[in-house]
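Have a look at the structure below before the remarks.
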Amino acid sequence: MQRVRARSAGAVRLGPGTLYGALSRMLKEGLIVELEDRPDPEMDDARRRYYRSTDRGNRALAAEAKRLGDLARLAHATRAVRELKQA
Amino acid sequence: MADREFTGKASERFYECLLLLYPPGFRLFFGPDMAQVFRDAYPREAHGKGFRRYLAFWFWTFRDLVRSLFHEWGQTLLPAEGIDAFIQTLTDSTAVPLGIISIVLVQGYVYAVLTEFSQDVAWAASVSSNPGVSNTDIFVVAAIAACSLGMISAMAAWAIARNNRLNNPIIKLFLVP
Numbered sequence: 085m086q087r088v089r090a091r092s093a094g095a096v097r098l099g100p101g102t103l104y105g106a107l108s109r110m111l112k113e114g115l116i117v118e119l120e121d122r123p124d125p126e127m128d129d130a131r132r133r134y135y136r137s138t139d140r141g142n143r144a145l146a147a148e149a150k151r152l153g154d155l156a157r158l159a160h161a162t163r164a165v166r167e168l169k170q171a
Numbered sequence: 002m003a004d005r006e007f008t009g010k011a012s013e014r015f016y017e018c019l020l021l022l023y024p025p026g027f028r029l030f031f032g033p034d035m036a037q038v039f040r041d042a043y044p045r046e047a048h049g050k051g052f053r054r055y056l057a058f059w060f061w062t063f064r065d066l067v068r069s070l071f072h073e074w075g076q077t078l079l080p081a082e083g084i085d086a087f088i089q090t091l092t093d094s095t096a097v098p099l100g101i102i103s104i105v106l107v108q109g110y111v112y113a114v115l116t117e118f119s120q121d122v123a124w125a126a127s128v129s130s131n132p133g134v135s136n137t138d139i140f141v142v143a144a145i146a147a148c149s150l151g152m153i154s155a156m157a158a159w160a161i162a163r164n165n166r167l168n169n170p171i172i173k174l175f176l177v178p
């Protein structure tokens, strides 16, 4: 949650409800799986759960990134945004 | 210092009570993790950081809670019943419990706010130093806030019942990501 907030310069603030709601939906849809294996005990925190994206999850991520990229390109191509850039 | 520790523990217990509002399956699986996230976040973001930070933290927590509650209950009820049945169930079953829960939550919240508030403001400090006055003041403020929230809940339930459609802005506010 802190990393998301830092990487978005404070624009995105995940709460526990949003975060675990998203995890729940991704687990149900098979986009991620919970890992049974735990890392080295020295690096581990007993309170943590570990998840890994599945092949389906990776494909969904790539498709969503492409969709957002296309959307951003479409927005940049509009006259209003071009005029804003020139100003 | 002891007051702050008490406020921190009270806030954690309060949040754990709020988690009871989630659907049982979701709560059993993720509840302990969510409580732990709150326990980590509270001292970092709110505890002893002043009243404004405290209020902002709880505002953000409540917003996150309410939005995710509607999402999770929607996810739980929608697949089997459909959106109309979900809205009907919501209308039929939540108006009275929501009012009661609102009163309990607001009283607890106002008490927690006044406890934190008393560390920052002389007025509240003087109020909380007089046990005979503080209970009455807390009760009056809690009653006013509870009535306000109860009215908002009733209005929301009325709006849902009247429209009973997804294009209701109140439903949209919580169901549309």
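If you read the sequences in order, they're chains L and S. First residue of the first sequence: 85, per this note's numbering; consecutive thereafter. First residue of the second sequence: 2, per this note's numbering; consecutive thereafter. Backbone N, C-alpha and C define an ideal beta-carbon position, used for all residues, glycine too.
Unbroken stretches of the beta strand (DSSP E), 3 residues or longer, contained in the region 11-35 of chain S: none
Under 7 Å (Cβ pairs) to chain S, residues found in the region 88-106 of chain L: Arg97, Gly99, Pro100, Gly101, Thr102, Tyr104 and Gly105
Taking C-beta to C-beta, are glycine 101(L) and aspartate 65(S) nearer than 8 Å? At a Cβ-Cβ threshold of 8 Å, glycine 101(L) and aspartate 65(S) count as neighbours.
Interface flag, arginine 151(L) vs chain S, CB-CB below 8 Å: no
Show which residues of chain S have a CB atom less than 7 Å away from the CB atom of serine 108(L). Phe27 and Phe31
Could you check whether alanine 36(S) and tyrosine 16(S) sit closer than 8 Å to each other, using their CB atoms as the reference points? It is a contact, given that the beta carbons lie within the stated cut-off.
Bridge partner(s) assigned by DSSP for alanine 137(L): The sequence as given places serine at residue 137(L); alanine does not occur at that position. Paired residue(s): Ile116(L).
Would methionine 127(L) count as contacting chain S if we go by Cβ distances under 8 Å? no
I'd like to know if phenylalanine 60(S) contacts chain L, where contact means its C-beta is closer than 8 Å to some C-beta of that chain. Not a single C-beta of chain L is nearer than 8 Å to the C-beta of phenylalanine 60(S).
Assign valine 165(L) to one of two classes, buried (16 or more other C-beta atoms within 10 Å of its C-beta) or exposed (fewer than that). exposed
So what does DSSP say about glutamate 148(L), is it helix, strand or coil? helix
With DSSP collapsed to three states, give me the class of glycine 9(S). helix
Alanine 85(L) vs leucine 103(L) beta-carbon contact at 8 Å: First, the residue type needs correcting, since residue 85(L) is methionine and not alanine in the sequence shown. Result yes, Cβ atoms of methionine 85(L) and leucine 103(L) sit closer than 8 Å.
So is arginine 136(L) in contact with chain S if we call contact Cβ pairs under 8 Å? no
Take every Cβ of the region 105-124 of chain L, pair it with every Cβ of the region 135-151 of chain L, and state whether three or more of those distances are shorter than 8 Å. yes
By the 10 Å Cβ neighbour count, where 16 or more other Cβ atoms means buried, how is valine 175(L) classified, buried or exposed? Any answer about residue 175(L) is impossible in this case: the structure gives chain L only from 85 up to 171.
If we ignore side chains and look at the alpha-carbon of each, how far apart do histidine 48(S) and glutamate 167(L) end up? 47 Å
Pull up the distance between the alpha-carbon of alanine 149(L) and that of alanine 42(S), whole angstroms please. 30 Å
Please confirm if serine 12(S) has its CB atom under 8 Å from at least one CB of chain L. When Cβ-Cβ separations below 8 Å define contact, serine 12(S) makes no contact with chain L.
Of the residues Arg122(L), Asp121(L) and Arg133(L), the one placed nearest phenylalanine 30(S), counting alpha carbons only: The residue with the shortest Cα to Cα distance from phenylalanine 30(S) is Arg133(L).
Nearest by alpha-carbon distance to aspartate 121(L): which of Ser108(L), Leu107(L) and Arg136(L) is it? Arg136(L)
Cβ-heavy atom distance, glycine 99(L) to the ligand SAM, below 7 Å: Ligands displayed in this structure: none; no statement on the ligand SAM is therefore possible.
Three-way DSSP call (helix, strand, coil) for methionine 85(L) in this model: It is coil, neither helix nor strand.
The region 48-72 of chain S: which residues have C-beta closer than 9 Å to a C-beta of chain B, in chain order? Of the protein chains in this structure, namely L and S, none is chain B.
Taking Cβ positions only, does arginine 131(L) come closer than 8 Å to chain S? yes
Does DSSP classify leucine 162(L) as helix, strand or coil? According to the sequence displayed, residue 162(L) carries threonine and not leucine. Correct three-state label for threonine 162(L): coil.
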